[in-house]
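In my numbering, the protein residues as written are 64 to 875.
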């Protein structure tokens, strides 16, 4: 076949500026030198990608106990991105680039982490052996410890390898394939992986840092790529770049700040997830309500409901029946987040039996507990589930049923415990707690109230040992200035703690135990909140059988004391344990008389586990029951008082603030969308005709804030006449911007040669004149409201009287 000869004409200055070369517009081209000329912002995009990797490694602070990992990993980030960038800019293919990157990674990892094993800077066999030993150590530690973990060299080597691989993959996706979202996959994988195993702290800060880095990279990458498009080359790429970056950075800053500040204020922001991604074995993953928040409901609504029974062989010993201990406090909730393991027979992971501990066996039958917990006297040492699958968490001494059962109702089991029976002489230890106790026993939220900390310091002033400090805190709550009452809201947050200490001084065991534990942590005493039940009432017909009802629900703090371990204390007025009495000086007592107890007249019963006969006429001094039925407990919610109204005010204000922020976000999105649409229209206008039409459309949109909209049957001249009328420009004034624009639009549409470059420049100037005229006849508030008004222009203001279409009759 024959092809027609082609004729090459010399391009004019205008077409030369408007038509880029092939190397300029090829997204994945690797021609040396062409990229920097067509994409001045390319180095900034490369730096932004490196900052994404650096931000990802910085978020690993939630995995480690200190920040010593930052410097070596930052070296890997910088070196990796420099190497992959040089390989790409030199025009190397994927194969050679991967080989060079691997060699550089081995060299840098050796120099940073294994420098002592090299010979003249080169790796040796000892380098390989040492690397294998460190990685094996890290792998074994990874399977045994929880974050925050020690900064082991093996961990850093593994993360360093991940950094080099991720940098190479990200660079390929970002600057060879020019796909920005795929470039974030390597960093995103590391970020998500770290989040699954990280300590439960600083989640919002880490997410905000990583998201900000990713959004900034996407913005700079998109802008760099746009710089080589025909639209930008034919116009003013400098102004377009600056405009896009300003708007994009403002939007990123607004979005991240709004999410960081408003996100944690959402009522369910700190709730447990539907599925715990950090526990992937599928068997021990259980989501349940914190038992501390269930206490008030049990005391009020289940006071007379029998929850479980306990048959003991030694009826002279009456311990508390413990469900669990809560060792995580995030400022709003005490909770547990442990890893449970299968249990049967001897329980694993426990320390030595304390001196003087009392062996204690109990048979438990649960009927109406409606929870996953298995109550037992502290500290359980062995269990026989009698066919039920039981799971065990040793750090908090917690027993639960497996996921095969929805709850523990109907389960019967036997537990053998060793009950600590401390004497004051055994609690004089002052040694430092173990690392795992410090890790889980001293954590407080960053916004913990300083005046609560100061109050705790004032209370323990002069005490020289942890036991003396713990005893001072206990007496602080039992000195008669605090009132036990259930007529308070169920809460143990930072705010509820301050209100309890400095305003109402009224609460029940939830407030007493939670506040005590938080104050203990504030002065350096490892503490946690134990939840369970007081001994309950003995069955007169069955010796050694205790019946535990909802009114026995209770919470108390446990403090770590060197040489003794976790030691329970009793700050709640009207409560006391037989086993705690020798070292707390609190007589054994429990409440079965109703929802309120006057601390001035506690229910003392040092002689036995049952309630005081005078407090409960349903039990005789000899323990024989009568037919008298205790009065029912009032289950209605307590009346709303001034305190409840005051507590509701912040939520009302928060709701209003959320509504205002939502409206502001929507309005900002509308304004930004319109600005971006106008910028895009100008970028796509690569010919004088297109520029004229874009200027005409901008003028119509500007006058649109006055309620103006063109009609389908109008010519440009007729539209210009009504535009002039709308802005008060005097009808068909020949000098008005709208009229001049209409003339240029007609030339662009109908002239044989279309509009000229001079016409395009004049159209932009005339569009600016129209914008100025609109500004002169409107107020700043009107322009602001119009810019965020989502309605069509013809529905914003008063409509003009419709004159109907004009009919032109042509006669011959």
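By construction, the Cβ of each residue, glycine as well, lies at the ideal position given by its N, Cα and C atoms.
With distances taken Cα to Cα, identify the nearest neighbour of residue i among the options.
| i | options | result |
| --- | --- | --- |
| residue 573 | 357, 454, 787 | 357 |
| residue 378 | 447, 471, 423, 738 | 423 |
| residue 595 | 589, 619, 577 | 619 |
| residue 533 | 154, 513, 643, 756 | 643 |
| residue 391 | 502, 515, 130 | 502 |
| residue 554 | 787, 354, 310, 142 | 354 |
| residue 581 | 249, 367, 622, 550 | 622 |
| residue 226 | 271, 801, 117 | 117 |
| residue 248 | 432, 752, 229, 842 | 229 |
| residue 260 | 556, 127, 647, 848 | 127 |
| residue 112 | 373, 749, 281, 523 | 281 |
Does DSSP classify residue i as helix, strand or coil?
| i | result |
| --- | --- |
| residue 530 | helix |
| residue 126 | coil |
| residue 446 | strand |
| residue 751 | helix |
| residue 610 | strand |
| residue 470 | coil |
| residue 843 | helix |
| residue 896 | Given that the chain is displayed from residue 64 to residue 875, the structure contains no residue 896 and the question cannot be resolved. |
| residue 600 | strand |
| residue 174 | helix |
| residue 880 | For residue 880 there is no data in the structure shown, the boundaries of the chain being 64 and 875. |
| residue 517 | helix |
| residue 667 | For residue 667, the pLDDT reaches just 36, beneath the cut-off of 50, and the residue's location in the model is therefore unreliable, leaving the point undetermined. |
| residue 507 | coil |
| residue 401 | coil |
| residue 764 | helix |
| residue 620 | strand |
| residue 381 | coil |
| residue 163 | helix |
Ends of the alpha helix (DSSP H) at residue i?
| i | result |
| --- | --- |
| residue 554 | Taken as a continuous stretch (DSSP letters only), residue 554 belongs to no alpha helix (DSSP H), as it is neither H nor E. |
| residue 646 | 644–647 |
| residue 579 | 572–585 |
| residue 501 | 498–504 |
| residue 234 | 216–234 |
| residue 801 | 800–813 |
| residue 136 | 133–152 |
| residue 268 | 266–289 |
| residue 258 | 248–260 |
| residue 110 | 105–121 |
Can you list, in chain order, the residues of its chain with a C-beta nearer than 7 Å to that of residue i? Leave out the 5 residues immediately preceding and following it.
| i | result |
| --- | --- |
| residue 132 | 123, 214, 219 |
| residue 361 | 613, 616 |
| residue 923 | Residue 923 falls outside the range modelled here, since the chain spans only 64 to 875, and no answer is possible. |
| residue 780 | 805 |
With a threshold of 8 Å on Cβ separation, who are the neighbours of residue i within its own chain once the five nearest residues in sequence on each side are excluded?
| i | result |
| --- | --- |
| residue 645 | 484, 485, 486, 487 |
Return the first residue and the last residue of the beta strand (DSSP E) that residue i is part of.
| i | result |
| --- | --- |
| residue 370 | 369–375 |
| residue 361 | No beta strand (DSSP E) holds residue 361; the alpha helix (DSSP H) holding it covers 354–364. |
| residue 388 | 384–389 |
| residue 405 | 404–406 |
| residue 477 | 475–482 |
| residue 546 | 546–548 |
Would you call the CB atoms of residue i and residue j closer than 9 Å?
| i | j | result |
| --- | --- | --- |
| residue 519 | residue 586 | yes |
| residue 404 | residue 415 | no |
| residue 384 | residue 635 | no |
| residue 446 | residue 470 | no |
| residue 110 | residue 138 | no |
| residue 164 | residue 146 | yes |
| residue 278 | residue 289 | no |
| residue 464 | residue 454 | yes |
| residue 763 | residue 790 | no |
| residue 821 | residue 810 | no |
| residue 885 | residue 172 | Any property of residue 885 remains undetermined from this structure, which presents the chain solely from 64 to 875. |
| residue 136 | residue 148 | no |
| residue 826 | residue 755 | yes |
| residue 576 | residue 387 | no |
| residue 611 | residue 369 | yes |
| residue 235 | residue 155 | no |
With a threshold of 6 Å on Cβ separation, who are the neighbours of residue i within its own chain once the five nearest residues in sequence on each side are excluded?
| i | result |
| --- | --- |
| residue 114 | 276 |
| residue 695 | Because the pLDDT at residue 695 is just 34, under 50, the model does not fix this residue reliably, and the value given afterwards should be weighed accordingly. So the list is empty, once near-sequence residues are dropped. |
With 9 Å as the threshold, decide whether the Cβ of residue i is near any Cβ in chain C.
| i | result |
| --- | --- |
| residue 279 | The question asks about chain C, but that chain is absent: this structure has only one protein chain. |
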